[in-house]
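The UniProt record's numbering applies: residue 1 is where the sequence shown begins, and numbers increase by one.
Beta carbons: idealized from backbone N, C-alpha and C, even for Gly.
Structure first, then comments.
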Amino acid sequence: RFVTDIYSLDNGFLKRFYKFIFLFFRILMSIILLFCMVKDAVIVFPFIVFLIYSLVFKKFSRGCKEAQRGYLRCHSPLCNIYSNTISGKSVINVYEKNWYHLGIYERYVETFRNYCLLKWAITIWASFYIRLIFLILTSYFIMHPHIFFNKMGNLYQGGNYEKIIGTIGYCITFSSRLGVLTKILLCDYTYVEKEMCCVQRLEEFSKLPHEKDCLEEERGEVTPKCDEMEMKGKFDNSGESTSPLPTGIVDPPAIDQSKEKYGVYLENVFVSYKKKVVLDKN
């Protein structure tokens with residue numbers, strides 16, 4: 001459920017990679033055209049890149065990864081509920097006597113909704129800030145003739161006015177296009193990061209400690225939860241083996257490690273059956 005996601009397979013990493021390369025070269029060519037038309041843009045453009053990286057990119061990347069982790073954390077239990085519903089089972093009747101699990105599923109549904117809204121909110125926030133930062137670059141191109149011309153009369157001498165107005169118009173268009181392309185490029189780049197959170201989530205699961213206690217919300221008491229790994233370790237010991245079963249039940253025989261094989265180990269298996277009666281065909 002975490003690694004093989006139909007949505008990620010449908011869009012594909014190769015498709016996203018090619019789109020990322022295409023957008024990168026479009027942005028690069030637009031920047032080169034801006035530098036050719038207005039050479040003084042070299043001064044302000046590194047400042048714009050620094051603002052986008054420090055204020056938007058780092059926070060947007062970290063927020064999207066955290067939102068994707070929360071989304072994946074709620075995915076598995078919700079699939080359990082949906083599969084029971086599709087199978088025709090009444091979820092309320094199944095879980096009505098177990099308020100602990102019913103409360104867990106209710107919190108997972110609420111968390112799932114919150115993380116979905118968070119993903120959209122982060123995307124809208126990043127889009128707004130990118131356009132706002134590139135508005136600084138657009139304002140710079142608008143104010144460029146008034147800043148770098150010593151005398152305002154030079155704007156209206158000969159063909160300088162039409163030439164400067166045309167250049168500034170192109171610069172404004174390219175700066176606005178840079179804002180849109182950077183927003184799309186950022187979303188495509190973080191999309192791959194969000195999908196890679198599937199693998200990161202599995203790694204986090206492998207490092208999590210085993211849960212020792214579980215809370216019973218119905219009575220407010222703490223009941224210890226059986227650690228299956230410890231019980232398995234007790235049975236795997238070839239020496240003294242302690243069984244958690246009550247007295248009166250035969251302890252399972254110790255398995256010789258030299259004869260242990262992969263697969264299902266069957267020894268001294270007792271099967272209850274009913275006698276088969278052959279009916280006369282006549």
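{"Item": "Spatial distance of Lys-119 from Thr-167 (CA atoms)", "Value": "39 angstroms"}
{"Item": "Pick from Phe-141, Leu-186, Tyr-108 and Glu-162 that is closest to Ile-130, judged by C-alpha positions", "Value": "Leu-186"}
{"Item": "Close Cβ partners of Arg-177 (< 7 angstroms) along its chain, the five nearest in sequence each way excluded", "Value": "Ser-30"}
{"Item": "Ile-133 versus Ile-164 - alpha carbon distance", "Value": "24 angstroms"}
{"Item": "Assigned exposure category for Tyr-53 - 16 Cβ within 10 Å defines buried", "Value": "exposed"}
{"Item": "Contacting residues, own chain, Cβ-Cβ under 7 angstroms from Arg-26 (five flanking each side not counted)", "Value": "Leu-181"}
{"Item": "For Thr-123 and residue 283, believed in contact at Cβ under 8 angstroms, the rounded distance", "Value": "Here the chain has residues from 1 to 282 only, and residue 283 is not among them."}
{"Item": "Close beta carbons around Phe-47, own chain, < 6 angstroms, minus the five adjacent residues each side", "Value": "none"}
{"Item": "Assigned secondary structure, Asp-40 (DSSP; H/G/I helix, E/B strand, else coil)", "Value": "coil"}
{"Item": "Cβ separation of Cys-171 and Phe-141, assumed to be a contact under 8 angstroms, to the nearest whole Å", "Value": "4 angstroms"}
{"Item": "Through-space distance from Val-109 to Trp-99, alpha-carbon basis", "Value": "15 angstroms"}
{"Item": "Ile-184 beta carbon less than 8 angstroms from that of Leu-23", "Value": "yes"}
{"Item": "Lys-19 and Asp-188 closer than 8 angstroms at C-beta", "Value": "yes"}
{"Item": "Buried or exposed (CB count within 10 angstroms, at least 16 for buried), Ser-139", "Value": "exposed"}
{"Item": "Cα-Cα separation, Gly-179 to Tyr-105", "Value": "42 angstroms"}
{"Item": "Short Cβ contact (8 angstroms threshold) for Ala-121 with Phe-60", "Value": "no"}
{"Item": "Cα-Cα separation between Glu-162 and Val-56, rounded to whole angstroms", "Value": "37 angstroms"}
{"Item": "Through-space distance from Arg-113 to Val-44, alpha-carbon basis", "Value": "41 angstroms"}
{"Item": "Neighbourhood of Tyr-115 by C-beta, 6 angstroms cutoff - its chain only, sequence neighbours within 5 removed", "Value": "Ala-67, Gly-70 and Tyr-71"}
{"Item": "Cβ separation of Phe-35 and Val-42, assumed to be a contact under 8 angstroms, to the nearest whole Å", "Value": "6 angstroms"}
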